[in-house]
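Under this note's numbering, the letters of the sequence shown match residues 1 to 541, in that order. Think of the CB as a built atom: it goes at the ideal place given N, C-alpha and C, for glycine as much as any other residue. Inspection log for the structure reproduced underneath, given as structure tokens.
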Amino acid sequence: MVSACLRQVALLAVPWCVQRALDDGITGEDDNALLLWSGATALAACVQFAGLYGWQYWASVTDARVGADLRSRLLGRLAGLDRAALAERGHGDLAMRATRDTDMVREWVHGLAVWVVLATTFVVVLPGLAALDPVLLLVTLGMLPFLTWVNLYFPRRFGAASDELSAAHGERAEAVADLLQVGTGLRGTGGHRPLLDRHDTASAEVTEKTVKAARIEADWAAVAPFVPRLAVAVGVGVGGLAVLDHRLTIGGLVAFTSWMATVTLATRVLVTRLLERGQADVAAARIDEALSLTSTVTDPAEPVALTPGGDLELSGVSAVRDGVTVLAPLDLTVRRGEFVAVQGATGSGKSTLLRLPARLDDPATGTVRYGGTDLRDAALDDVRRRIGYVAQRPLLLSGTVAENLRLGRDLSDEALRAACETACVHDQIAAMPDGYDTPLGESGTALSGGQIQRLALARGLLGDPEVLVLDDCTSALDTTTEALVLKRLRSWAEGRTVLFATHRTAVLEAADRVVTLADRDATATPREPALSAAHLEADRG
Numbered sequence: 001m002v003s004a005c006l007r008q009v010a011l012l013a014v015p016w017c018v019q020r021a022l023d024d025g026i027t028g029e030d031d032n033a034l035l036l037w038s039g040a041t042a043l044a045a046c047v048q049f050a051g052l053y054g055w056q057y058w059a060s061v062t063d064a065r066v067g068a069d070l071r072s073r074l075l076g077r078l079a080g081l082d083r084a085a086l087a088e089r090g091h092g093d094l095a096m097r098a099t100r101d102t103d104m105v106r107e108w109v110h111g112l113a114v115w116v117v118l119a120t121t122f123v124v125v126l127p128g129l130a131a132l133d134p135v136l137l138l139v140t141l142g143m144l145p146f147l148t149w150v151n152l153y154f155p156r157r158f159g160a161a162s163d164e165l166s167a168a169h170g171e172r173a174e175a176v177a178d179l180l181q182v183g184t185g186l187r188g189t190g191g192h193r194p195l196l197d198r199h200d201t202a203s204a205e206v207t208e209k210t211v212k213a214a215r216i217e218a219d220w221a222a223v224a225p226f227v228p229r230l231a232v233a234v235g236v237g238v239g240g241l242a243v244l245d246h247r248l249t250i251g252g253l254v255a256f257t258s259w260m261a262t263v264t265l266a267t268r269v270l271v272t273r274l275l276e277r278g279q280a281d282v283a284a285a286r287i288d289e290a291l292s293l294t295s296t297v298t299d300p301a302e303p304v305a306l307t308p309g310g311d312l313e314l315s316g317v318s319a320v321r322d323g324v325t326v327l328a329p330l331d332l333t334v335r336r337g338e339f340v341a342v343q344g345a346t347g348s349g350k351s352t353l354l355r356l357p358a359r360l361d362d363p364a365t366g367t368v369r370y371g372g373t374d375l376r377d378a379a380l381d382d383v384r385r386r387i388g389y390v391a392q393r394p395l396l397l398s399g400t401v402a403e404n405l406r407l408g409r410d411l412s413d414e415a416l417r418a419a420c421e422t423a424c425v426h427d428q429i430a431a432m433p434d435g436y437d438t439p440l441g442e443s444g445t446a447l448s449g450g451q452i453q454r455l456a457l458a459r460g461l462l463g464d465p466e467v468l469v470l471d472d473c474t475s476a477l478d479t480t481t482e483a484l485v486l487k488r489l490r491s492w493a494e495g496r497t498v499l500f501a502t503h504r505t506a507v508l509e510a511a512d513r514v515v516t517l518a519d520r521d522a523t524a525t526p527r528e529p530a531l532s533a534a535h536l537e538a539d540r541g
């Protein structure tokens, strides 16, 4: 701010120095005065350089810090949200809030010092004009009402257009994300055509909203500087008459036109800042909306430490989504060291059930306990450190194999290899061009479905959880590989608890006990007594 103010004072001092050089040096035929004011002009130029350097340096540092902080807070918030909180917002729209919207706020922050520059301009110029000629001051003041009206009328229109444009960008980002993520998979069925059409429609909407905003911006940018330019024309006429009447010097008239040129430039800058302000307001509101999202799964105010190595108990748990019951109330206890498989028809709630122990979701009714402690009373980090979860459709990062396994954790190469050997994927990784340093591409496109599942399983093993929850993570494996994975998994899981949702015969046979979800009820094999008469019945002999 100080650097910007210093630079602007030096800039505004130049017309005054030129006036004195003309009046005292050239008109007065005084060589010393001419040299003095020429030197003063050069000094003002040096001060401008130093002030502008400091202004831009600190403005860039500040906007970079603000941008980094905003992105960190926004991504930190989004990363901690559960499925329910994100249900109504697409990934593309959220990505726009972390990129385009954040950049707009950064641009606004970068130009905050401009307001000091604008204030300095009017604080210096108006008294300077009064000292030259009161009539010139009146000409300048006469333009202010028109300038005020222009800068009150256009911002409202531009703000509404900017809001519509931001929403259109969000819709297009959604269309692009869907096209890139699932377009290839749908190409064989011709299903990618609707995605292309959706993208074209969204792009056309962005174009329409961009043109609308640009039209308002063009009108504003043209009208606003026209007002001070008109004042310059009037001032030159009035000032010229004052020179002829010897009420104003030639140098004074030059100073007036120079200062008014600066005012014209300041007006253009003001329009730019107000345009950026309108965009930043919309962007900040969208960012604030994302930061205000709250998760239904939260840490308790006073977390209770979980007891190591306890039983996993689900008592009367159910799940409701969009007002529809997707998992009817059931009871299930998985004892320490037990391998329990959960089977059931598609849509019976297997995946929903498995999300509860990892606290990816909380049950609509009932409780989930580990070692006798309600998981809602424990810290989320504590829960997820003890209860690992491997999703049915695991996600991989655009990084190397090792980076996908470590996920920022301090793990040795030996630990990575041991986990991958258990998951039966080490040999295939070793055969890759760079082994564990091989890049996987976007979402692991370099791997097959079975390799992705086994890599995700290895990643889950590296967390060394006491309870491992697996959601059908062998569905893409051939029977031979699956049998070997299950054999090694049983060996790794000695003393640990495994809860495995599956429809695969090999997994059901490897399990100590099988729980079947059917017609929203759970049934158990006769290997173990029924845990809840209301929900468990014999499944097979």
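Do you know how far the Cα of Leu11 is from the Cα of Ala45? Stepping through the sequence shown from its first residue, residue 45 is reached at position 45. Stepping through the sequence shown from its first residue, residue 11 is reached at position 11. Cα to Cα, the separation comes out at about 7 Å.
Between Asp197, Ala364, Ala391 and Leu407, which has its C-alpha nearest Leu397's C-alpha? Along the sequence shown, read from residue 1 onward, the residue named residue 397 stands at position 397. Nearest of Asp197, Ala364, Ala391 and Leu407 to Leu397, Cα basis: Leu407.
At the level of alpha carbons, what is the spacing between His169 and Leu293? Indexing the sequence shown from 1 puts residue 169 at position 169. Indexing the sequence shown from 1 puts residue 293 at position 293. If you take the alpha carbons of His169 and Leu293, they lie about 21 Å apart.
Could you have a look at Gln392 and say whether DSSP puts it in helix, strand or coil? Position 392 of the sequence shown, counted from the start, is the residue given in the question as residue 392. In the structure shown, Gln392 sits in coil (DSSP, three-state: anything other than H, G, I, E or B).
With burial defined as no fewer than 16 other Cβ atoms inside 10 Å of the residue's Cβ, what is the status of Trp149: buried or exposed? On the sequence shown, position 149 is the one that residue 149 refers to. Exposed.
With a threshold of 7 Å on Cβ separation, who are the neighbours of Arg100 within its own chain once the five nearest residues in sequence on each side are excluded? Residue numbering aside, residue 100 sits at position 100 when the sequence shown is read from its first letter. Excluding positions up to five away in sequence, the list reads His169.
Could you tell me which residues DSSP puts in a beta bridge with Glu313? Reading the sequence shown from its first residue, position 313 is the one you call residue 313. Paired residue(s): Thr333 and Arg369.
Alpha-carbon to alpha-carbon, Leu126 and Ile26: Within the sequence shown, numbered from 1, the residue matching residue 26 stands at position 26. Within the sequence shown, numbered from 1, the residue matching residue 126 stands at position 126. Those two C-alpha atoms are separated by around 26 Å.
If you draw a straight line from the alpha carbon of Asp361 to that of Ile216, how long is it in whole angstroms? Reading the sequence shown from its first residue, position 361 is the one you call residue 361. Reading the sequence shown from its first residue, position 216 is the one you call residue 216. Cα-Cα distance, rounded: 47 Å.
When the Cα atoms are used, what is the spatial distance from Leu499 to Leu470? Working through the sequence shown from its first residue, we reach residue 499 at position 499. Working through the sequence shown from its first residue, we reach residue 470 at position 470. One C-alpha to the other measures close to 6 Å.
Flag this pair as yes or no: are the beta carbons of Val232 and Thr257 separated by less than 8 Å? For the purposes of this step, residue 232 is identified with residue 232 of the sequence shown, where counting begins at 1. For the purposes of this step, residue 257 is identified with residue 257 of the sequence shown, where counting begins at 1. Yes, they are a contact pair.
Quick one: complete alpha helix (DSSP H) runs, 4+ long, within the region 126 to 200? 134 to 186
Distance check for Leu86 and Thr121, CA to CA, integer angstroms please. In the sequence shown, counting from the first residue as 1, residue 121 sits at position 121. In the sequence shown, counting from the first residue as 1, residue 86 sits at position 86. Distance between the alpha carbons of Thr121 and Leu86 is about 48 Å.
Here's a check: name, in chain order, each residue in its chain whose Cβ is nearer than 8 Å to the Cβ of Arg157, leaving out the five neighbours to either side. By 1-based counting over the sequence shown, the position of residue 157 is 157. Result list for Arg157: Ile216, in chain order.
Does the Cβ-Cβ distance between Gln453 and Thr474 come in under 8 Å? Here residue 453 refers to the residue found at position 453 when the sequence shown is read from its first residue. Here residue 474 refers to the residue found at position 474 when the sequence shown is read from its first residue. Their beta carbons are under 8 Å apart, which means Gln453 touches Thr474 by this criterion.
Best match in Leu411, Val368 and His426 for proximity to Arg417 [C-alpha to C-alpha]: Taking the sequence shown and counting its residues from 1, the one referred to as residue 417 is at position 417. With distances taken between Cα atoms, Arg417 lies closest to His426.
Rounded straight-line distance, which links the Cα of Gly54 to that of Ser3: As a first step, residue 3 must be located in the sequence shown, where it is residue number 3. As a first step, residue 54 must be located in the sequence shown, where it is residue number 54. If I take the Cα positions, the gap works out to 6 Å.
For a test of the three-state rule: what should DSSP assign to Ser491, helix, strand or coil? For the purposes of this step, residue 491 is identified with residue 491 of the sequence shown, where counting begins at 1. The answer is helix: DSSP assigns Ser491 an H, G or I state.
I believe Ala224 touches Leu147 by the beta-carbon criterion, under 8 Å. Please report the beta-carbon distance rounded to the nearest angstrom. Within the sequence shown, numbered from 1, the residue matching residue 224 stands at position 224. Within the sequence shown, numbered from 1, the residue matching residue 147 stands at position 147. Going by Cβ atoms, the distance from Ala224 to Leu147 rounds to 7 Å, so yes, they are a contact pair.
Whether or not the region 344 to 351 and the region 365 to 384 are in contact is what I'm after, with contact meaning three or more pairs of Cβ atoms, one per stretch, closer than 8 Å; do they touch? no
Cβ neighbour criterion (16 or more within 10 Å) applied to Arg7: Position 7 of the sequence shown holds residue 7. By the neighbour-count rule (16 or more Cβ atoms within 10 Å), Arg7 is buried.
Less than 8 Å separating the beta-carbons of Gln343 and Leu75? Here residue 343 refers to the residue found at position 343 of the sequence shown. Here residue 75 refers to the residue found at position 75 of the sequence shown. For Gln343 and Leu75, no; Cβs fall outside 8 Å.
Rounded to whole angstroms, what's the CA-CA distance from Ala305 to Glu494? Just pull it up for me. Working through the sequence shown from its first residue, we reach residue 305 at position 305. Working through the sequence shown from its first residue, we reach residue 494 at position 494. Their Cα atoms are separated by approximately 24 Å.
My parser needs the alpha helix (DSSP H) runs of 4 or more residues fully inside the region 48 to 127; what are they? 83 to 86, 91 to 98 and 100 to 110
May I ask you to report which of helix, strand or coil DSSP gives Gly240? Sequence index remark: in the sequence shown, residue 240 carries index 240 (1-based). Three-state DSSP puts Gly240 in a helix.
Between Arg513 and Val467, is the Cβ-Cβ spacing less than 8 Å? To locate residue 513, count along the sequence shown from 1; it is residue 513. To locate residue 467, count along the sequence shown from 1; it is residue 467. No, the pair does not count as a contact, with Cβ atoms beyond the cut-off.
Going straight from the alpha carbon of Asp30 to that of Phe154, what length do you get? By one-based count along the sequence shown, residue 30 stands at place 30. By one-based count along the sequence shown, residue 154 stands at place 154. Distance between the alpha carbons of Asp30 and Phe154 is about 51 Å.
Val243 to Leu265, Cα distance in whole Å? Taking the sequence shown and counting its residues from 1, one reaches residue 243 at position 243. Taking the sequence shown and counting its residues from 1, one reaches residue 265 at position 265. Cα to Cα, the separation comes out at about 26 Å.
From this set, Val340, Asp437 and Gln392, which residue's C-alpha is nearest Arg355's C-alpha? Taking the first residue of the sequence shown as 1, we reach residue 355 at position 355. Taking only the C-alpha atoms, the option nearest Arg355 is Gln392.
Using the Cβ count rule (16 or more neighbours within 10 Å means buried), how would you classify Met143? Against the sequence shown, residue 143 aligns to sequence position 143. Buried is the call here.
Using DSSP with H/G/I as helix, E/B as strand and the rest coil, what is Arg321? Counting from 1 along the sequence shown, the entry for residue 321 is found at position 321. Three-state result, Arg321: strand.
Asp374 by DSSP, collapsed to three states: which one? In the sequence shown, residue 374 corresponds to position 374, counting from 1. Three-state DSSP puts Asp374 in a strand.
Given a cut-off of 8 Å on the beta-carbon distance, is the pair Asp331 and Ser315 in contact? Translated into positions along the sequence shown, residue 331 becomes position 331. Translated into positions along the sequence shown, residue 315 becomes position 315. In this structure, Ser315 lies closer than 8 Å to Asp331 by Cβ.
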